[in-house]
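Following: one structure in structure tokens, then a few remarks.
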Amino acid sequence: MRIGVAIDLGTSGFRAQKIDLETGEIKKTVITLRNPLPGANVMDHLDFAIHYGLDKAHGLSATAVKNILAELGVNLAEMDKFAICGNPIQLSIFQGIPIDDLAYAGERKKQKYHIEEQNRDARIIPLVEIEGFEEATNCKLFVPPAIKHEVGADALALIVKAGMIESNEIAIATDYGTNAEMALKANGVIYTGSAAAGPALEGQEIECGSIASPHTICDVEFEGNNLRCYVLDRDMNTIKGDLVNPKTGEVVEKGELTAKGITGTGVIALIETAMRNKLIVLPKIQTPDGIIHLQDGVIFTNKDLIAAGRAIGALRAGHITLCAAAGIDMEELQTAHMSG
């Protein structure tokens, strides 16, 4: 069996899949619960690499990747293909490419510190060229391009996969990650940007928030006056959880899994269904204690609602800004593509 590995070097964590290259079958998935670099967002990681050195940052990233490969059961010497994806900063740190040109804005600043623009074109190289992977003697590394500071390879993949380049319709694509990268195509031009929405959407500002991981609530829906929780299992499959009274937390029907938190996707689903069923009437939660009770003590508060509202507002502000740059109204958008 020829083995390949695809890995998303995400700001909130790394996610990898082991693939049988002959059949295309996904053999195993491994995720980390955080990025190996200290900090909660891409600016923290950039700051760490600048102050403590690219070598240390690269070492942490490479070590995390090798630990993931070990969990996947992949031997470096037997791997054929290794594909990476992520924003320009994460891709650069993994490859050991200097990131000074990403850290500073303005030509004067770059001239003052003698900072040179780095080449971040797409490339296919032997993985052994990356420090720390000298054992991968037969493996090719596939690196997608970083076309703009604010548009990572994952967002570019969404643009290509959605067919935006070939299409003539007015469309917007948003990668709902930590940096909420977005692109708008209008009148033959693609406008790009990003919004600081992830910390709330990915649980960092939510009391019981969590990134997507086993035993987290990823979706909810009403069954009568009660809320059904859906929880991720160890294989990241969605499993039916408890049916609870959202005003008290009383369990009406026991589900298959326990829960320890709620994901960003779960937060959005909860807000949408709660507003539709008048459990949330902005600006507040309409329960006696101002709390929506989910299973196993997981709660959603008015403070959480405000934090999520800011994130949604950041996304909307990004969309409005791109539309303004393109000289169109938001009502003219024909299609919205989403990933995350």
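Residue numbers (this note's numbering): 13 to 352. Using N, Cα and C, we set each Cβ at its ideal position, and we do this for glycine too.
Per DSSP, reduced to three states, the secondary structure at Ala281 is helical. Look at Gln123 here: in three-state DSSP terms it is helix. Going by beta carbons, Phe106 and Val17 fall outside the 7 Å limit. Around the beta-carbon of Arg240, 16 or more other beta-carbon atoms lie within 10 Å, marking it buried. In the DSSP assignment, Lys252 falls outside any alpha helix (DSSP H) and within the unbroken beta strand (DSSP E) covering Thr250 to Val256. Between the C-alpha atoms of Ala323 and Glu284 there is a straight-line separation of about 14 Å. Under the criterion of beta carbons closer than 8 Å, Thr44 and Gly25 qualify as touching, at roughly 5 Å.
Here Arg135 is exposed. Its C-beta has fewer than 16 other C-beta atoms within 10 Å. With respect to the 7 Å criterion, Ile280 and Val310 are not classified as neighbours on the basis of their beta carbons.
As for any beta strand (DSSP E) of minimum length 3 sitting wholly inside the region 69-96, there is none.
Going by beta carbons, Leu49 and Ile182 fall outside the 7 Å limit. Taking a contact as a CB-CB distance under 8 Å, the pair Thr277 and Asp231 counts as one, their CB atoms being some 7 Å apart. The straight-line gap separating the alpha-carbon atoms of Thr250 and Tyr242 is approximately 6 Å.
Counting only runs of 3+ residues, the beta strand (DSSP E) found wholly inside the region 13-72 occupies 15-21, 26-32 and 38-43, in chain order. Of Glu34, Gly253 and Thr228, the smallest CA-CA separation from Phe234 is found for Gly253. Excluding its 5 nearest sequence neighbours in each direction, Glu262 has no C-beta neighbour in its own chain below 6 Å. Here Pro157 is not near Asp187, since their CB atoms are 7 Å or more apart. Contact between the region 137-150 and the region 86-104 is established, with three or more Cβ pairs separated by less than 8 Å. A check of alpha carbon separations from Leu196 across Met342, Leu21, Leu58 and Asp20 identifies Met342 as the nearest.
Our two residues, Arg46 and Gly352, have alpha carbons roughly 16 Å apart in a direct line. For Pro138, the enclosing beta strand (DSSP E) starts and ends at Arg135 to Pro138. Note on Thr23: 16 or more other CB atoms within 10 angstroms of its CB, so buried under the neighbour-count rule. Membership of Gly221 in any alpha helix (DSSP H) is not indicated, and neither H nor E is assigned to it by DSSP. The beta carbon of Cys335 sits closer than 6 Å to the beta carbons of Met342 from its chain, once the five residues preceding and following it are set aside; these are given in chain order.
Between the C-alpha atoms of Val172 and Lys266 there is a straight-line separation of about 43 Å.
Within the same chain, Cβ atoms closer than 8 Å to the Cβ of Val54 are found at Thr23, Asn99, Ile101, Gln102, Thr190 and Asn191, the five residues on either side in sequence being excluded.
By alpha-carbon distance to Ile202, the top candidate from Ala185, Leu306, Asn289 and Glu268 is Ala185. Distance from the Cα of Lys124 is smallest, within the candidate group Gln130, Tyr116 and Asn131, for Tyr116.
According to the DSSP assignment, Ala115 belongs to the alpha helix (DSSP H) that extends over Asp112 to Ala115.
Between Ile96 and Ile19, the C-beta gap is smaller than 7 Å, which places the two residues in contact.
Excluding sequence positions up to five before and after Ile303, its CB lies within less than 6 Å of the CB of Ile311 and Thr313, all in the same chain and listed in chain order.
The distance from the Cβ of Asn199 to that of Ala338 is about 7 Å, consistent with a contact at the 8 Å cut-off. The alpha carbon of Glu193 has as its nearest neighbour, out of Glu217, Leu168, Gly175 and Met287, the alpha carbon of Leu168. From the listed residues Leu327, Ile340 and Leu306, the smallest Cα separation to Met350 is found for Leu327. Look at Lys272 here: in three-state DSSP terms it is coil, with no helix or strand label.
Between the alpha carbons of Gly325 and Asp316 lies a distance of about 14 Å.
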